[in-house]
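Participant:
In our numbering, the protein residues as written are 2 to 345.
(1) Where does residue 129 land, buried or exposed, given buried means 16+ other C-beta within 10 angstroms?
(2) Relative to the alpha-carbon of residue 44, which residue among 14, 126 and 37 has its alpha-carbon at the smallest distance?
(3) Can you give me the C-alpha to C-alpha distance between residue 175 and residue 112, rounded to a whole angstrom?
(4) Measuring CA to CA, which of 179, 136, 107 and 167 is closest to residue 157?
(5) Using 8 Å as the threshold, is the stretch 232-247 in touch with the stretch 302-313, meaning 3 or more CB pairs across them?
(6) To which residues does DSSP link residue 218 through a beta bridge?
(7) Do residue 318 and residue 166 count as a contact pair if the criterion is CB distance below 8 Å?
(8) By a C-beta neighbour count over all protein chains shown, 10 Å radius and 16 as the cutoff for buried, is residue 188 buried or exposed?
(9) For residue 152, report the span of its alpha helix (DSSP H) as first-last.
(10) Mapping the DSSP letters down to three states, classify residue 132 as helix, strand or coil.
(11) Between the beta-carbon of residue 216 and the beta-carbon of residue 247, is there less than 8 Å?
(12) Whole angstroms is fine: what's the gap from residue 19's alpha carbon to residue 124's?
(13) Closest to residue 198 by C-alpha separation, out of 105, 16, 12 and 89, would be which residue?
(14) Per DSSP, residue 55 forms a beta bridge with which residues?
(15) Buried or exposed for residue 307, please, with buried defined as at least 16 other CB atoms from any protein chain shown within 10 angstroms of its CB.
(16) Using a threshold of 8 Å, state whether the C-beta atoms of residue 309 and residue 250 are closer than that.
(17) Is it the case that the Cβ atoms of residue 233 and residue 194 are separated by a distance below 8 Å?
(18) Buried or exposed: residue 57, going by 16 or more other Cβ atoms within 10 Å of its Cβ?
(19) What's the gap between the Cα of residue 73 and the Cα of residue 60?
(20) Considering only their Cβ atoms, is the gap separating residue 338 from residue 327 smaller than 8 Å?
(21) In angstroms with no decimal places, state the Cα-to-Cα distance between residue 93 and residue 75.
(22) Run through DSSP, which three-state label would residue 164 get?
(23) In this structure, does DSSP put residue 288 in helix, strand or coil?
(24) Compare the Cα-Cα distances from residue 80 to each of 154, 8 and 160 and report the closest residue.
(25) DSSP three-state call for residue 9: helix, strand or coil?
(26) So residue 30 packs on residue 141, CB below 8 Å; how close in whole Å?
Written out as structure tokens, the structure is:
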């Protein structure tokens, strides 16, 4: 069955803002995000749970599901953007009425914990969604990232392939792309992926990622090398990366405690691991993220590269989930080769 492309986003359209994961305690940030989206030419319809709080969630599962269903079913809402990530979307998957989603396909965008919804919509509603900006996480920032904003608009407002995810990035403008080759090669395939902890958590569920013949993108934040190793191991052992065509990895995955080690040794080339580390050295300093990627992903026989401009960073590209893409480790290129939206 063919995938469903949502309609293009246009000035004057109404963005429904939902909070399917954690809550936001800062009302000022919510107001700033709404004002920014309105200044970009969109109407905004906040969900009822947007300013709520239920422990570590924005609201109960019932209330968050209600907002999600209402946003899709409401004909006055043209597209749906998540307020933020955090935690909680996986709890909703078994309660979603996917008939509402497929009968009312709309542009849906978010990243991090929203990965669970993105993959569930792909698997159970055949809907192409977007790993991209969120209301508070992106548009309450000062200053607003022009790269993230322009990439979002380029990918969602025009019914044509978005092209290189590097377009407009500071590295690109300076002629100095910063990426690292784990395993050389080229690949083409449908683009899937998201937050690594969610991808690992979804193993064994009806909504787990199917990677065969696809380019998989991975992002994470504030993790230590052993934790990334554990999640990759679970993904591999659960078949989550079986017969993938290639893997691309974003930026800013390392825990702050590991950043000095990552930065001081990143240019040294693989492997970064010390052959005889001092006995008193913290184990987190013995390996870098790239060491883990090389060790866990290097034997898959597919191209792998890291350091691409997406993830928990201000200047993050928008990645449509379910469209054709291509990658080339020689140039650090990840290209979106198919339109993710259709004309109204």
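Positions of the beta carbon are idealized from the N, C-alpha and C atoms, including for glycine.
Facilitator: With the structure as the only source:
(1) Answer is buried; the Cβ neighbour count reaches 16.
(2) Comparing alpha carbon positions, the residue from 14, 126 and 37 closest to residue 44 is 14.
(3) Distance from the CA of residue 175 to the CA of residue 112, rounded to the nearest whole angstrom, comes to 27 Å.
(4) The residue from 179, 136, 107 and 167 with its alpha-carbon nearest to that of residue 157 is 107.
(5) With the cut-off at 8 Å, the stretch 232-247 and the stretch 302-313 touch.
(6) DSSP output for residue 218 lists 194 and 249 as bridge partner(s).
(7) With contacts defined as CB atoms closer than 8 Å, residue 166 and residue 318 qualify as a contacting pair.
(8) Counting Cβ neighbours within 10 Å, residue 188 comes out buried, since at least 16 surround it.
(9) For residue 152, the enclosing alpha helix (DSSP H) begins and ends at 147-157.
(10) In this structure, residue 132 counts as strand in the three-state DSSP scheme.
(11) Contact check for residue 216 against residue 247 passes: the beta carbons are separated by less than 8 Å.
(12) If I take the Cα positions, the gap works out to 21 Å.
(13) By alpha-carbon distance to residue 198, the top candidate from 105, 16, 12 and 89 is 89.
(14) Within the DSSP secondary-structure output, residue 55 pairs in a beta bridge with 58.
(15) Of the residues assessed, residue 307 falls on the buried side of the cut-off, its CB having 16 or more other CB atoms within 10 angstroms.
(16) The answer is yes: Cβ separation under 8 Å.
(17) The answer is no: Cβ separation not under 8 Å.
(18) Using a 10 angstroms sphere on the CB of residue 57, the tally of other CB atoms stays under 16, which defines it as exposed.
(19) Each residue's Cα considered, the two are about 18 Å apart.
(20) With respect to the 8 Å criterion, residue 327 and residue 338 are classified as neighbours on the basis of their beta carbons.
(21) Taking the straight line joining both Cα atoms gives about 19 Å.
(22) In this structure, residue 164 counts as strand in the three-state DSSP scheme.
(23) Residue state, collapsed to three classes: coil.
(24) Looking from the CA of residue 80, the closest CA among 154, 8 and 160 belongs to 8.
(25) Residue 9 falls in the coil class under three-state DSSP.
(26) In this structure, residue 30 and residue 141 form a Cβ contact; the two beta carbons are roughly 4 Å apart against a cut-off of 8 Å.
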